[in-house]
Every structure is written in structure tokens, then in C-alpha cells.
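> Dumping the structure here so I can ask a few things about it.
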Amino acid sequence: MRFRWLNDYWQGTILGLCLIVVSLWMGLTGKLSLYIHPRYIAFTLIMSSLALVVLLAAFWKKTGHAKITARTTLPGLLLGIVCAGLVISLLISKPVPLTSATATQRGINSGALDPDAQLDTLTMQLPHSNDYSQLTVREWASLLGQTADVSFFRDKRADVTGFISPASGNSDVFFVSRFIVSCCAVDARPVGVPVYAPDWRKTYTPDQWVRVKGVFAPIKGAMSEVAITPETVTTIDQPEDPYAF
Amino acid sequence: MERILTSRIRWALLGVLLVGVFASIRIATGTVTDIALPNKLQDLLTLTFSIIIESLPFILLGVFVAIIIRVWVPDALTARLPKNGVIRRLYISCLGVFLPVCECGNLPLARGLIAKGFSPAESLTFLLAAPILNPITLITTHQAFQADTHVLISRALGALAIANVIGWLYSAYRKPDRMLTEQFLATCTSDEPHTHGRTGRSLTLLGKELGAILPALLVGALVAGLIQVLVPRDILTSLGGSPVLSILAMMLLAFIVSICSNVDAFFALAFSSSFSVGSLVSFLVFGPMIDLKMLNMMRTTYKTWVLLQVTALVALMSLALGLAVNYAF
């Protein structure tokens, strides 16, 4: 069975224009960093602007005016409909970062140490050796991966910001978590710092952004593991750059 | 003359109108839309959009360069490459030095090179080598693995060897056109409209190339996003201790993640504490050559049997490379 759909030229032109407009809008409103590393933003904006001008020049030259549709097969039609659905989603959906579902699915702090946050380096960078509260979620997560020595963490102060991800296996613990992005959201690695707060679900929900202040202590019932015992947990708005780059 | 001008203005206005409609919808829904989707579905969209937006500028660059080569560069320039097959393929493997973009930008360029006279085997050599043997990828690999120089050397030499072996194997195929899809062959052989001159031909090619590649990118991104949401990554990363399984796990991860070759070394570095050096090298060689997004885009040009064979061959050679690196270091 044969159907009629946009020919290659018009499919490319319309998809191209749509993706270019979305990229430019995201770039101008600061939303691109929800999807790609900031180092690519200038390149994306330059190439999108250039392509927009060239595609509009194609309209002026009337290069595709002769025919707009072509015959296609059922798979070709379905492909076109899937593409149309995706670009419509890009046009109308609100740009948001990855959620705690992906953090849990990828495994928070699972086997990926941050090479920029080695114990010796971090200790040397701290102006006062006892002031660990300057460390970020990313740096704490790296320390937690480097040493299991409970005495190292005991009573150290933490002041961290991130979104809440439930901890698997202990309902009294949640992670203050962030994603580390190297290139784009696809490679995002979830890292987090455990917070011991029984009944936290009565007050907070997963994906809520919080700032947690407190001290590290062994978790009750699991003395070989440490978590922040919170003094304050403050809900905050999602930051403009929710990922760590 | 006046009629032509009026007609052009009408078409130009249509283009501006389309841009205006898309921009208006995006601006209007940017703040209003706040539909609470289930987390998994939301993340599927975020991951899919992320691949599309990250790849788009590289594809645009690749299409622009391909059109320049196809329409504006004299045929004599491509004919100047060495005639000896082995040396010619070695030259072609290093063409990425002049186009330091990731793999998705190289596909439109490979299509342009075939249209300009490259054989499908030579285009495969270029396509497999260029994402790795280019200055940006080599510099970022060096930055990420400064302490392990053999990672950089193994990656560069491994990519050079695999790309040339694949090119050599397929150069023996006697009916090379049969490796290419009918749709792509039609674009190479069809008479482009010459009424608009080279500028018009370039603009027509831009629309057609985007029409061939963007749908493949969108569907590839959706499939890659779906697999990322459905397959728990910690299953793969838990295999780091096994010498063979760790290599297979990192290759599978590279296949799924479809990360840009220019920065994949930083991603791989995060696994250096729990995975063998060989598995990291396999990740860094296999990923830029074959991944979910790329395979779907390559389907616009090469037949499925070619892609299945190339995937199997590259996978086997990447596995062998990883084992050799593990043995040597």
C-alpha cells in the first residue's frame, strides 16, 4: 500500500527549521545546559543560526517549490509520524533535567570515582583543614567512594545542595544527589550524599531540591555506613544549572 | 522579472512564517506547559532530546562540508589521493584531522565523499577512523588519561588498524554499489536541478540531506533513550572485575550511551578505578565507530547486511584489542 507524505526535501527543511528554532530558543533562554554541556552552547548557537539563514535562503531561491509530497510505504509513513511526534514534543514540552528515577536506575555513586576529587587534593585545597562544609555533593560522593573508614567521616560538618533520591534498602535514608555531565544528559552519572532522616517521606518528596546542613555519623543499625545527621533541611528552588559539569 | 521577484518574496515569506509559527509555539509553551509526566517518561524525553540537541550542530556542520565537497570542490582534488589501495586508505583514515567533529557529523560527509567518487569501502574507512583520528578526540583522550599514555596510543593505533582492515575487506567486494541503499544511490545518480546553478544545487542538497539524516537521528535518539531508561546501568558496571566481561560490558555501554567521541574519554575516565585498561580502550575504540544512534543513521546509506557485518567485525576487533591491552599492560 502506498501513501503520500512530505518528500525528503520538505521533510528535511521542516524538521531542520523546527530543531533549529528549538535550539536557538533554548540557547537564548538558558535551557540548553539542561541537555548538553555548556562548552557546546556557543557552537550550537552558531551552527543553528547559520543553518537558519541558509534554509531561509533556500526558500528565497525556491529550490523546493516544485513538489512537496512523494509516495511512501507504510514504514516510511510511520517513520514520518514518529518524527513529527518527537519534534512536536520538543516544541511544546517544558525543558527539565533528569529525575531521581534515572539516578536510582543508574545507581548513585556506583563505581565511578571523580578523578578531580581525590582525598589528598581536596584536603590540600581546604583553607582550614577542619572546614569540610565547603565540599560539594560531588566531592563528598568521591570521598565516600575512596574510604569506608567511619572514623574519617565522624563529626565532619556538611552543607550540601541537591535533589532528593530515595536510597534503596533503607527507607530512613535519602540521597542529596546531583548528576555529573561530561557531554550531554545521556552520560549523566548520579552522585549523592546519604542523609539519615527517619520518616523523611512525610515531609519531603523525591526530586525536591533541598539544602542539608548537618554532621556525619554512623547510620543506626548499620554502623559501618555513614550518613549526614541533618540539623536543618531547607527546600529550595531548582538551580539554573542543576547538573555538575 | 517582476513575477519571479514576487514569487520569491512569497516563498521567502512562507519560510519566515514557518519559523515564526515554530518560535511562537515554543515561546508560548515554554512557561505555560507544566504537565506532570511520570518520571520514567519524562527522563525518556530528556535523554532523547539531549541526543538530538547535542548531535544537531555536528550534523549541520557535516552536511555543510559534504555539500561544499560535492558541489564546490573540483573532482581533480579527490582524484589526487594515492592510487595504491593500502596507502590511499591510510590517507583517508587521517582525513578526520581536517574535520574534527564527532561521528554523527562524519556521516553526511561520508555520503558526500561517495557521491564524489569514493568507494563504499573507502567511505567506511573514513567513517570508522575519523571520529577517533582527529585532533580534538586525541587531545581530550590525552587530557583524560595523562598518566596512562598507552590508552591514547592504543586508541589511535587500534582505530587506525580496525578502520583499514574493514576498508581492505570490503574493497575486495566486486559489486560495491550493492553495499549502498537504493535511496542513497538515487540521490547520487539523480540529475540535480542545474537551473539555479551551484548555489541552488547546494541549497537543494541541504534540504535533501537533512531529510535523509534527521529522521534517522530522531528515531536513533528515541531508541537509545528507551534502552537507557529500561536497562539498569549498574548491571553493566558491576561486571568491572572480570577481564573479558568487563570489556564486553564497556563495549555494550558505549553502544547504548552513544556518547560523542570528542569527550568520551572523560566519561570513560570515571570507570578507570573499577574497570581494566583494556576495557576502557575497547570502549574508546568501539563507541565512536558503532553505537545505536550512529547505526540508525548509517542505515540511510549502507544496507543492513553491511552494517551487521561491520558491527560484528568491529566488535570482535575491539574485543581483541582490549584483551591485548590488558595482556600488555
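Protein chains in written order, with the working numbering: chain A, 5 to 249; chain B, 692 to 1020.
Note that CB positions come from ideal geometry on N, CA and C, so glycine has one too.
(1) Strictly below 9 Å CB to CB, what residues from chain B border A/Tyr208?
(2) Spell out whether any CB of chain A is found under 9 Å from the CB atom of B/Leu936.
(3) Would B/Ala850 count as contacting chain A if we go by Cβ distances under 9 Å?
(4) Rounded to the nearest angstrom, what separates A/Thr106 and A/Leu90 at their Cα positions?
(5) What's the call for A/Pro42, buried or exposed, on a 16-neighbour Cβ count within 10 Å?
(6) For the alpha helix (DSSP H) holding A/Gly218, just list the boundary residues, first then last.
(7) What does A/Thr17 reach in chain B if we use C-beta pairs closer than 9 Å?
(8) Can you check the stretch 736-793 of chain B for any alpha helix (DSSP H) of at least 4 residues that lies completely inside it and give the ranges in chain order?
(9) Are the CB atoms of B/Ile853 and B/Met989 within a distance shorter than 9 Å?
(10) Classify A/Glu235 as helix, strand or coil using the three-state DSSP reduction.
(11) B/Ala714 versus chain A: which residues are under 7 Å apart at the beta carbon?
(12) What distance in whole Å lies between the Cβ atoms of B/Thr832 and B/Arg846, which are believed to be in contact at a cut-off of 8 Å?
(13) Rounded C-beta distance between B/Leu1012 and B/Val972? I'm assuming under 8 Å.
(14) Check the Cβ of A/Val3 against every Cβ in chain B and list those closer than 7 Å, keeping chain order.
(15) With H, G and I counted as helix, E and B as strand and the rest as coil, what does DSSP make of A/Arg110?
(16) For B/Asp839, which residues in chain A fall below 9 Å Cβ to Cβ?
(17) Verify whether the separation of the beta carbon atoms of B/Pro934 and B/Leu1014 is less than 9 Å.
(18) Determine the direct distance from the alpha carbon of B/Ala770 to that of B/Ile758, and round the result to whole angstroms.
(19) Straight-line CA distance for A/Pro194 to A/Thr103?
(20) Closer than 7 Å by beta-carbon distance: list the chain A residues that pair up with B/Asp734, in chain order.
(21) Please compile the residues from chain A whose C-beta is within a distance smaller than 8 Å of the C-beta of B/Ser949.
(22) Counting only Cβ pairs nearer than 7 Å, list the residues of chain A close to B/Gln919.
(23) Excluding the 5 residues flanking A/Phe249 on each side, which residues of the same chain have their C-beta closer than 7 Å to its C-beta?
(24) What residues from chain A crowd round B/Leu751, counting only those whose CB sits closer than 7 Å?
(25) For A/Val177, name the three-state secondary structure that DSSP assigns.
(26) Roughly how many angstroms lie between the CA atoms of B/Lys731 and B/Val920, to the nearest whole one?
(27) Kindly indicate which three-state DSSP category A/Asp163 falls into: helix, strand or coil?
(28) Run the CB neighbour count on A/Val199, radius 10 Å, all protein chains shown included, and call it buried at 16 or more, exposed below.
(29) Just checking: is the beta-carbon of A/Thr140 within a distance shorter than 9 Å of some beta-carbon in chain B?
(30) Out of A/Arg158, A/Ser97 and A/Ala231, which has the shortest C-alpha to C-alpha gap to A/Asn174?
(31) Per the DSSP calculation, A/Trp9 is bridged to which residue(s)?
(32) Can you tell me which of A/Gly80, A/Phe167, A/Lys35 and A/Phe220 puts its alpha carbon nearest to the alpha carbon of B/Thr737?
(33) Can you tell me which of the three DSSP states A/Glu229 falls into?
(34) Hey, A/Val190 and B/Val910 are a contact pair by Cβ (cut 8 Å); roughly how many whole angstroms apart?
(35) Terminal residues of the continuous beta strand (DSSP E) containing B/Arg892?
(36) Distance, Cα to Cα, B/Tyr993 vs B/Ala801?
According to the structure data:
(1) The sequence position of residue 208 of chain A within the first sequence is 204, counting from 1. Among the residues of chain B, none has a CB under 9 Å from the CB of A/Tyr208; the nearest is roughly 16 Å distant.
(2) The residue you call residue 936 of chain B lines up with position 245 of the second sequence. Output row for B/Leu936: interface = no.
(3) Position 159 of the second sequence, counted from the first residue, corresponds to residue 850 of chain B. The C-beta of B/Ala850 comes no closer than 9 Å to any C-beta of chain A.
(4) Numbered from its first residue, the first sequence carries residue 106 of chain A at position 102. Numbered from its first residue, the first sequence carries residue 90 of chain A at position 86. Computed Cα separation, rounded: 21 Å.
(5) Numbered from 1 along the first sequence, position 38 holds the residue referred to as residue 42 of chain A. Exposed: under 16 other Cβ atoms inside 10 Å.
(6) The residue given as residue 218 of chain A occupies position 214 in the first sequence. Following the DSSP letters along the chain, one finds A/Gly218 in no alpha helix (DSSP H) but inside the beta strand (DSSP E) bounded by residues Trp213 to Ile223.
(7) Along the first sequence, read from residue 1 onward, the residue named residue 17 of chain A stands at position 13. Residues of chain B with a Cβ closer than 9 Å to the Cβ of A/Thr17 are, in chain order, Gly706, Leu709, Leu897, Gly898, Leu901 and Gly902.
(8) Segments of the alpha helix (DSSP H) lying fully in the stretch 736-793 of chain B: 766-770 and 776-784.
(9) For this step, residue 989 of chain B is matched to residue 298 along the second sequence. For this step, residue 853 of chain B is matched to residue 162 along the second sequence. Against a cut-off of 9 Å, the Cβ pair of B/Ile853 and B/Met989 comes out as no contact.
(10) If you number the first sequence from 1, residue 235 of chain A lands on position 231. Note: A/Glu235 maps to strand in three-state DSSP.
(11) Locating residue 714 of chain B in the second sequence gives position 23, counting from the first residue. Under the 7 Å cutoff, chain A gives Val25 and Trp29.
(12) If you number the second sequence from 1, residue 846 of chain B lands on position 155. If you number the second sequence from 1, residue 832 of chain B lands on position 141. About 6 Å separates the two Cβ atoms, so the contact holds.
(13) One-based indexing of the second sequence puts residue 1012 of chain B at position 321. One-based indexing of the second sequence puts residue 972 of chain B at position 281. About 6 Å; that satisfies the 8 Å criterion.
(14) No statement about residue 3 of chain A is possible, as the shown extent of chain A runs from 5 to 249 and does not include it.
(15) Here residue 110 of chain A is taken as the residue at index 106 of the first sequence, counted from 1. Three-state DSSP puts A/Arg110 in a helix.
(16) Numbered from 1 along the second sequence, position 148 holds the residue referred to as residue 839 of chain B. Residues of chain A with a Cβ closer than 9 Å to the Cβ of B/Asp839 do not exist; the shortest Cβ-Cβ separation is about 12 Å.
(17) As a first step, residue 934 of chain B is located in the second sequence; it is residue number 243 there, counting from the start. As a first step, residue 1014 of chain B is located in the second sequence; it is residue number 323 there, counting from the start. Yes. Within cutoff.
(18) One-based indexing of the second sequence puts residue 758 of chain B at position 67. One-based indexing of the second sequence puts residue 770 of chain B at position 79. B/Ile758 and B/Ala770 have their C-alpha atoms spaced approximately 17 Å apart.
(19) Position 190 of the first sequence, counting from 1, holds the residue named residue 194 of chain A. Position 99 of the first sequence, counting from 1, holds the residue named residue 103 of chain A. Answer to the nearest angstrom: the Cα atoms are 10 Å apart.
(20) Position 43 of the second sequence, counted from the first residue, corresponds to residue 734 of chain B. Against chain A, the beta carbon of B/Asp734 has neighbours under 7 Å at Leu102, Thr103, Ala105 and Thr106, listed in chain order.
(21) Taking the first residue of the second sequence as 1, we reach residue 949 of chain B at position 258. Around B/Ser949, the beta-carbon contacts reaching into chain A at under 8 Å are Val190.
(22) The residue you call residue 919 of chain B lines up with position 228 of the second sequence. Chain A residues near B/Gln919: Val190.
(23) Reading the first sequence from its first residue, position 245 is the one you call residue 249 of chain A. Here the set comprises His41, Pro42 and Val185.
(24) Locating residue 751 of chain B in the second sequence gives position 60, counting from the first residue. Chain-order list of chain A residues neighbouring B/Leu751: Met51 and Ala55, by C-beta distance under 7 Å.
(25) Within the first sequence, residue 177 of chain A is the residue found at index 173, counting from 1. Reduced to three states, the DSSP call for A/Val177 is strand.
(26) Counting from one through the second sequence, the residue named residue 731 of chain B turns up at place 40. Counting from one through the second sequence, the residue named residue 920 of chain B turns up at place 229. Roughly 7 Å separates the two Cα atoms.
(27) As a position in the first sequence, residue 163 of chain A is number 159, starting the count at 1. In the three-state reduction of the DSSP assignment, A/Asp163 falls in the strand class, which pools E and B.
(28) In the first sequence, residue 199 of chain A corresponds to position 195, counting from 1. So A/Val199 counts as buried.
(29) Sequence index remark: in the first sequence, residue 140 of chain A carries index 136 (1-based). Against chain B, the CB of A/Thr140 has no partner CB under 9 Å away; the residue lies outside that interface.
(30) One-based indexing of the first sequence puts residue 174 of chain A at position 170. Residue nearest to A/Asn174 within the set A/Arg158, A/Ser97 and A/Ala231 is A/Ala231 (criterion: CA-CA distance).
(31) Looking up residue 9 of chain A in the first sequence gives position 5. Within the DSSP bridge table, the entry for A/Trp9 names A/Ala74 as partners.
(32) Taking the first residue of the second sequence as position 1, residue 737 of chain B is located at position 46. Of the residues A/Gly80, A/Phe167, A/Lys35 and A/Phe220, the one whose Cα lies closest to the Cα of B/Thr737 is A/Lys35.
(33) Start at 1 with the first residue of the first sequence, and residue 229 of chain A comes out as number 225. If DSSP states are grouped into helix, strand and coil, A/Glu229 belongs with the strands.
(34) Position 186 of the first sequence holds residue 190 of chain A. Position 219 of the second sequence holds residue 910 of chain B. The beta carbons of A/Val190 and B/Val910 sit about 16 Å from each other, so the pair does not count as a contact at 8 Å.
(35) Taking the second sequence and counting its residues from 1, the one referred to as residue 892 of chain B is at position 201. Counting along the chain, B/Arg892 falls outside any beta strand (DSSP E), though it belongs to the alpha helix (DSSP H) covering Gly888 to Leu921.
(36) Translated into positions along the second sequence, residue 993 of chain B becomes position 302. Translated into positions along the second sequence, residue 801 of chain B becomes position 110. So the two alpha carbons sit approximately 11 Å from each other.
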